[in-house]
Each structure stands twice: as structure tokens, then as C-alpha cells.
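To start, the structure under review is shown below, and the notes come after it.
In this note's numbering, the protein residues as written are 51 to 275.
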């Protein structure tokens with residue numbers, strides 16, 4: 051693994067820590083609503099539709115719209131504008147996380163998580179791959195499947211590429227749940243304001259992104275000599 055690949059992996063793990071933190075933070079502090087995905091939200095939307103709970107449906111559809119909007123932005127913005135989407139994503143997350151700590155506990159939990167629906171979807175689309183593997187930093191189901199499947203494949207054929215794959219997915223799971231544990235433990239004494247601790251891995255991610263940029267700049271300079 052070269053230096054660039056190492057930085058890329060560290061960045062992936064740092065953002066996995068962020069994803070785990072935000073997932074657990076939303077569940078604990080906002081009425082067990084998972085702000086990093088839409089599966090639960092869509093199922094509850096069907097329940098509300100069948101029950102005629104129109105107010106709840108509108109709130110959930112707004113969350114779905116923000117999630118979709120972030121996906122669209124990740125695809126279209128780089129095609130229309132010269133934009134560093136990875137840098138923009140992390141900076142936007144820093145702003146959102148800083149703001150979330152000021153949202154009152156009495157606020158409607160779905161509305162309080164609207165920014166989370168957007169930034170988690172944006173992070174998912176912007177940082178969804180590492181070393182050629184599709185590996186989410188905001189939820190775990192596919193990562194768990196890939197981890198177990200890779201271990202089984204390595205057990206069967208002893209191919210090192212399967213072990214390498216298992217390590218990447220296993221590391222992602224580890225950092226994701228370390229982030230979740232941090233959110234759980236910090237929410238006990240700090241409550242809503244515990245979200246500000248997530249600024250730490252985001253700042254680390256920003257530093258790793260800058261380190262990667264400088265490395266590429268140095269390599270480009272050396273190549274031109």
C-alpha cells in the first residue's frame with residue numbers, strides 16, 4: 051500500500067467514525083429516528099399513509115426529498131461546475147454539525163434531523179468507495195455482508211485479496227461502531243450538545259484530505275522535473 055492509498059484509507063475510516071457517530075446520535079437524541087438512511091423512513095411513510103397520518107407523511111416526504119437532493123447534487127454539481135465535492139462535503143458537514151448542537155430538544159425530531167438526512171446522503175455518495183471497493187461510511191449492512199463473505203472466501207481459497215478485502219470492510223465496521231459508541235457515551239452527560247464531539251473526526255478528515263492534496267502536488271512537481 052503506497053502513501054496515497056494509506057491516506058485514502060485513513061480518510062475513509064475517519065468518515066466511518068463520523069457516520070457511526072451521527073447515526074447513533076440521531077437514534078439516541080431524536081426519538082430513535084435513523085438520519086443516515088431511508089429504509090425505516092419509507093416504511094413508516096407507508097404506515098402513516100395507511101393510517102391517514104398526513105402530517106407525519108409530509109414530514110417524512112421532506113426528509114426523503116432532502117436525501118434525494120443530496121444524491122442529485124453529488125452527481126450533477128461536478129458535471130456543471132468545477133467544484134471539489136469532497137472538500138465541500140466535509141466543510142458542509144462541519145457547519146451542519148456545529149449548528150445541530152443549538153437545535154432545542156423540544157424541536158420536532160424529524161425536522162431536527164433534516165440537515166442530517168442531507169449531509170449523510172452527500173457523504174455516502176461522495177466517499178462511497180475505498181481502494182476499489184464500494185464501502186459505505188454511513189451504514190453497515192452491506193459492509194457486514196462483505197466482511198463475512200470475504201472471510202469465508204479467504205478460508206476456502208487462502209487468496210490474499212480476499213483477506214485484504216475483509217480487513218477493509220472489517221476496519222470500516224470497527225470505526226463506524228467506535229463512532230456510535232462515542233455518541234452513546236457522550237450523549238449521557240451532554241445530550242443534544244454531544245454532537246459537537248463529531249467535529250473532531252471531521253477536522254481529522256479535513257486534514258487528511260489536505261495531506262492527500264499536498265502529496266499529489268509534490269508528485270506532480272517531481273514528475274515535471
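By construction, the Cβ of each residue, glycine as well, lies at the ideal position given by its N, Cα and C atoms.
Alpha-carbon spacing of residue i relative to residue j, whole angstroms
| i | j | result |
| --- | --- | --- |
| residue 246 | residue 208 | 44 Å |
| residue 256 | residue 148 | 15 Å |
| residue 183 | residue 261 | 22 Å |
| residue 169 | residue 89 | 17 Å |
| residue 63 | residue 235 | 20 Å |
| residue 72 | residue 230 | 7 Å |
| residue 104 | residue 122 | 26 Å |
| residue 200 | residue 228 | 22 Å |
| residue 144 | residue 249 | 6 Å |
| residue 210 | residue 218 | 13 Å |
| residue 124 | residue 171 | 9 Å |
| residue 129 | residue 206 | 43 Å |
| residue 267 | residue 158 | 46 Å |
| residue 263 | residue 272 | 14 Å |
Where residue i falls, given that 16 or more other Cβ within 10 Å makes a residue buried
| i | result |
| --- | --- |
| residue 238 | exposed |
| residue 150 | buried |
| residue 58 | buried |
| residue 202 | exposed |
| residue 55 | exposed |
| residue 167 | buried |
| residue 270 | exposed |
| residue 160 | buried |
| residue 101 | exposed |
| residue 83 | buried |
Cutoff 6 Å; reference residue i; Cβ partners in own chain excluding five residues on either side
| i | result |
| --- | --- |
| residue 133 | 127 |
| residue 165 | 146 |
| residue 189 | 86 and 87 |
For residue i, three-class secondary structure by DSSP
| i | result |
| --- | --- |
| residue 79 | helix |
| residue 179 | strand |
CB of residue i within 8 Å of CB of residue j, strictly
| i | j | result |
| --- | --- | --- |
| residue 259 | residue 181 | no |
| residue 156 | residue 174 | no |
| residue 192 | residue 222 | no |
| residue 99 | residue 107 | yes |
| residue 75 | residue 244 | yes |
| residue 225 | residue 67 | yes |
Cβ neighbours of residue i in the same chain (closer than 7 Å, five flanking residues each side left out)
| i | result |
| --- | --- |
| residue 220 | 197 |
| residue 140 | 252, 255, 256 and 259 |
| residue 91 | 110, 113 and 114 |
| residue 242 | 79, 151, 153 and 155 |
| residue 162 | 80 and 153 |
| residue 213 | 204 |
| residue 216 | 197, 200, 201 and 204 |
Residues near residue i in its chain [Cβ-Cβ closer than 8 Å; skip 5 each side]
| i | result |
| --- | --- |
| residue 177 | 61, 62, 65, 136, 139 and 187 |
| residue 53 | 265 |
| residue 94 | 106 and 110 |
| residue 179 | 185 |
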